[in-house]
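Numbering (my numbering), first residue to last: 34 to 653. For every residue, glycine included, the Cβ atom is placed at its ideal position computed from N, Cα and C. Taking it in order: structure first as structure tokens, then the write-up.
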């Protein structure tokens, strides 16, 4: 087995695609880790905003979470409908394209792409943050640990969706069971103590209030808490990853994810209020995550605490897997419509869209570098893209039901209309509240991405117009003018000239001669070329010698070819480039690569009438 096979797995044939599809059990870790893991940082993001209110801020966390849960329920119903209506996948992009037009669909795609990139950065940084809260000595290595996790996730996903889902199933189950046990344990302790449970380990002390509760603070807390809803669209985007029948499997997976997420969000908010657990200042040595405090308060700092923290750490880091599963599929869908490079639609060795995976890894790595891997610095950028995609998806579903006019369509349209209104309001709130904190980046980035995709679309349409097929044109067929640049007479040059003489009777050998040149072609031309050609009764090639007092070689060749092209407007110009081909890669650096340079320059400066032919001479 080769090293690449050991790292990425053996190459899969196209007819093995069915074996890469997943069931409901694998669908939860594949498409649900983003949503489920947000239970770890969504409530904390809201509590961080409520820090200035001191202990009084804890009274608002449960009502804020209930509002988020209601909105989550509306979105859940909408995406169940989307899965059934568009089983081909694509989620918000597909719905918007079918019902709202190209511009709306590209806006949805740009919003989702931004959200997926941010999800990778936020998920990994939150996971490392959970590790640092348990082992504070690791804080100086935050960024390095983030990059290591990103690299591992990239290579795991290059092995295929099926393997990633199976590999992440165990940590997902551990996360759900441990955090679920903490919620049940804490709720029972709270009820049995009359609403005033005794923490096993006291949580961090809440500072005194520095400002009063106001609408602006509560709106900011709601906007930050809405990060807990990112990722719920993932299942609708990746419907085709499920085994047949895909719709029931995708719906079951979505239901499991949403139910678990609601229970965890409401349970954490309830216990945070009951145990007086607030956020701590992120990025400092005193930082402790809300979940770390909560598990310590409910169960102490024993073995259960260690297992729980490890499972939270793993799931937070692995939550980026949702983006790795969906981002390449979204890029493929957009590329197939001609708004991204078509290579994004090509499957790699493991039947995954490799280019999308690499692009996501690179963009996420840049974000982690820019923001030093600190979750709190990345959170303000989060959720704007997700809620914009939610809004466009549900608006598209309203248009979908309006056109269908079938039984139950009005009720479905009402649900989607309510969802579209609620998420649109949330977009405005989140964008306004977080604008100066960093959301302005997303507000600028999303339209910029749309502009880029529209430009790509125009480019492909122009190519399609210029390459429109027609009947074979046989008028004005002529042999090409063949130009062979030769620096000195060698077997490499002879090989190219022999080919040139088979293509046309009008062959020009172009030789650049500088004052210090010791290998002038003129001295051997008569004996090496003219004589043998006349003896064989072949047309003698024309020798053109250009003087180059400043020892330039490439530019005189380019200028001469372009001049011949201008002088012969109805002829094809074939430029044959003799090229030495080395047997080993390290020999590449021992020879000049002039042929590559000439070819590149002619491709950018010439027209379709200039044809470039490389004539290789292989070293024995």
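*If residue 423 sits next to residue 146, beta carbons under 8 Å apart, how far is it from one beta carbon to the other, in whole angstroms?*
Sequence index remark: in the chain shown, residue 423 carries index 390 (1-based). Sequence index remark: in the chain shown, residue 146 carries index 113 (1-based). Wrong, their Cβ atoms sit about 15 Å apart, outside the cutoff.
_For a test of the three-state rule: what should DSSP assign to residue 647, helix, strand or coil?_
Position 614 of the chain shown holds residue 647. Of the three classes helix, strand and coil, the one that applies to residue 647 here is strand, per DSSP.
*Could you pull the start and end residues of the beta strand (DSSP E) that residue 261 belongs to?*
For this step, residue 261 is matched to residue 228 along the chain shown. No beta strand (DSSP E) contains residue 261, which DSSP labels as neither H nor E.
*Is there at least one Cβ from chain B nearer than 9 Å to residue 70's Cβ?*
Here chain B cannot be found, since the structure has a single protein chain.
*Hey, residue 231 and residue 92: beta-carbon distance below 9 Å or not?*
As a first step, residue 231 is located in the chain shown; it is residue number 198 there, counting from the start. As a first step, residue 92 is located in the chain shown; it is residue number 59 there, counting from the start. Not a contact, by the Cβ cut-off of 9 Å.
*Three-way DSSP call (helix, strand, coil) for residue 518 in this model*: Counted from its first residue, the chain shown places residue 518 at position 485. Here residue 518 sits in strand by DSSP.
_Contacts around residue 81, its chain only, beta-carbon distance under 6 Å, and the 5 residues preceding and following it disregarded_ = Counted from its first residue, the chain shown places residue 81 at position 48. Counting only residues of its own chain and dropping the five nearest sequence neighbours on each side, residue 81 has a CB closer than 6 Å to the CB of 312.
*Which of the three DSSP states, helix, strand or coil, is assigned to residue 605?*
The residue you call residue 605 lines up with position 572 of the chain shown. Residue 605 falls in the coil class under three-state DSSP.
*Which class does residue 199 belong to by DSSP, given the choice of helix, strand or coil?*
In the chain shown, the residue the question calls residue 199 occupies position 166. If DSSP states are grouped into helix, strand and coil, residue 199 belongs with the helices.
*Report the three-state DSSP secondary structure of residue 85 (helix, strand or coil).*
For the purposes of this step, residue 85 is taken as residue 52 along the chain shown, with counting starting at 1. In this structure, DSSP gives residue 85 a helical state, which the three-state scheme calls helix.
*Look up residue 385 in the DSSP assignment and say whether it is helix, strand or coil.*
In the chain shown, the residue the question calls residue 385 occupies position 352. Reduced to three states, the DSSP call for residue 385 is coil.
*Pull up the DSSP beta-bridge partners for residue 575, would you.*
By one-based count along the chain shown, residue 575 stands at place 542. Bridge partners of residue 575 according to DSSP: 541.
*With a CB to CB cut of under 8 Å and the five nearest residues on each side skipped, what residues in its chain are close to residue 235?*
Walking along the chain shown from the start, residue 235 turns up at place 202. Within the same chain, 330 come within 8 Å of residue 235 by CB-CB distance, once the 5 residues on both sides are set aside.
*Can you tell me where the alpha helix (DSSP H) with residue 360 in it begins and where it stops?*
By 1-based counting over the chain shown, the position of residue 360 is 327. Note, residue 360: alpha helix (DSSP H), 353-369.
*Residues in its own chain within less than 6 Å of residue 321 by CB, not counting five upstream and five downstream?*
For this step, residue 321 is matched to residue 288 along the chain shown. Cβ neighbours of residue 321 beyond the five flanking positions: 166, 237 and 313.
*Got a sec, what are the start and stop residues for the alpha helix (DSSP H) residue 436 sits in?*
Residue numbering aside, residue 436 sits at position 403 when the chain shown is read from its first letter. That run of the alpha helix (DSSP H) goes 417-437.
*asked:* Taking a contact to mean a Cβ-Cβ separation below 9 Å, would you say residue 94 touches residue 76 in this structure?
replied: Against the chain shown, residue 94 aligns to sequence position 61. Against the chain shown, residue 76 aligns to sequence position 43. Result yes, Cβ atoms of residue 94 and residue 76 sit closer than 9 Å.
*Distance, residue 400 Cα to residue 174 Cα*: Translated into the one-based positions of the chain shown, residue 174 becomes position 141. Translated into the one-based positions of the chain shown, residue 400 becomes position 367. Residue 174 and residue 400 have their C-alpha atoms spaced approximately 17 Å apart.
*Any idea if residue 621 is buried or exposed, counting beta-carbon neighbours within 10 angstroms, 16 or more meaning buried?*
Counting from 1 along the chain shown, the entry for residue 621 is found at position 588. Exposed, by the Cβ-count rule.
*Work out the CA separation of residue 591 and residue 638 for me, nearest whole Å.*
To locate residue 638, count along the chain shown from 1; it is residue 605. To locate residue 591, count along the chain shown from 1; it is residue 558. The alpha-carbon of residue 638 is positioned some 9 Å away from that of residue 591.
*Let me know the secondary structure DSSP gives residue 278 once reduced to three states.*
What you label residue 278 is simply residue 245 of the chain shown in a count that begins at 1. Three-state result, residue 278: coil.
*asked:* Can you tell me whether residue 217 is helix, strand or coil according to DSSP?
replied: As a first step, residue 217 must be located in the chain shown, where it is residue number 184. Looking at residue 217 - three-state DSSP - the assignment turns out to be helix.
_Taking a contact to mean a Cβ-Cβ separation below 9 Å, would you say residue 538 touches residue 563 in this structure?_
Taking the chain shown and counting its residues from 1, one reaches residue 538 at position 505. Taking the chain shown and counting its residues from 1, one reaches residue 563 at position 530. No.
*Can you tell me where the alpha helix (DSSP H) with residue 584 in it begins and where it stops?*
Here residue 584 corresponds to residue number 551 of the chain shown, with the count starting at 1. Where residue 584 is concerned, there is no enclosing alpha helix (DSSP H), given that its DSSP letter is neither H nor E.
*residue 290 classed as buried or exposed, judged by whether at least 16 other C-beta atoms fall within 10 angstroms*: Locating residue 290 in the chain shown gives position 257, where the first residue counts as 1. Counting of Cβ neighbours within 10 angstroms places residue 290 among the buried residues, the total reaching 16 or more.
_So the candidates are 516, 531 and 535; which of them puts its Cα closest to the Cα of residue 541?_
Locating residue 541 in the chain shown gives position 508, where the first residue counts as 1. The shortest C-alpha separation from residue 541 is found at 516.
*asked:* Using DSSP's beta-bridge definition, name the partner residues of residue 301.
replied: By one-based count along the chain shown, residue 301 stands at place 268. DSSP output for residue 301 lists no bridge partner at all.
*asked:* By the DSSP assignment, the alpha helix (DSSP H) with residue 570 in it spans what residues?
replied: Locating residue 570 in the chain shown gives position 537, where the first residue counts as 1. From DSSP, residue 570 is part of no alpha helix (DSSP H); its letter is neither H nor E.
*May I ask you to verify whether the region 470-484 touches the region 570-589, counting CB pairs closer than 8 Å and requiring at least 3?*
No contact exists between the region 470-484 and the region 570-589.
*Thinking C-beta only, is residue 608 closer than 9 Å to residue 578?*
Indexing the chain shown from 1 puts residue 578 at position 545. Indexing the chain shown from 1 puts residue 608 at position 575. No, these two residues do not count as a Cβ contact at 9 Å.
*Report all residues from its chain with a CB closer than 8 Å to the CB of residue 208; omit the five preceding and five following residues, and keep chain order.*
In the chain shown, counting from the first residue as 1, residue 208 sits at position 175. Here residue 208 has 69, 70, 344, 345, 347 and 348 as same chain residues with Cβ atoms under 8 Å from its own Cβ, once five neighbours each way along the sequence are excluded.
*Sequence-distant residues of its chain with Cβ nearer than 7 Å to residue 529 (five each side left out)*: Here residue 529 refers to the residue found at position 496 of the chain shown. Once the five neighbours on either side are set aside, the close Cβ partners of residue 529 are 517, 609, 611 and 648.
_Just to confirm the assignment, what range does the alpha helix (DSSP H) spanning residue 95 have?_
In the chain shown, residue 95 corresponds to position 62, counting from 1. Here the alpha helix (DSSP H) through residue 95 covers 91-118.
*Does the pairing of the region 447-459 with the region 103-122 give three or more beta-carbon distances under 8 Å?*
The region 447-459 vs the region 103-122: in contact.
*Boundaries (first-last residue) of the alpha helix (DSSP H) holding residue 558*: Working through the chain shown from its first residue, we reach residue 558 at position 525. Segment 555-558, the alpha helix (DSSP H) holding residue 558.
*Out of 193, 200, 168 and 161, which has the shortest C-alpha to C-alpha gap to residue 181?*
Sequence index remark: in the chain shown, residue 181 carries index 148 (1-based). The option with the nearest alpha carbon to residue 181 is 161.
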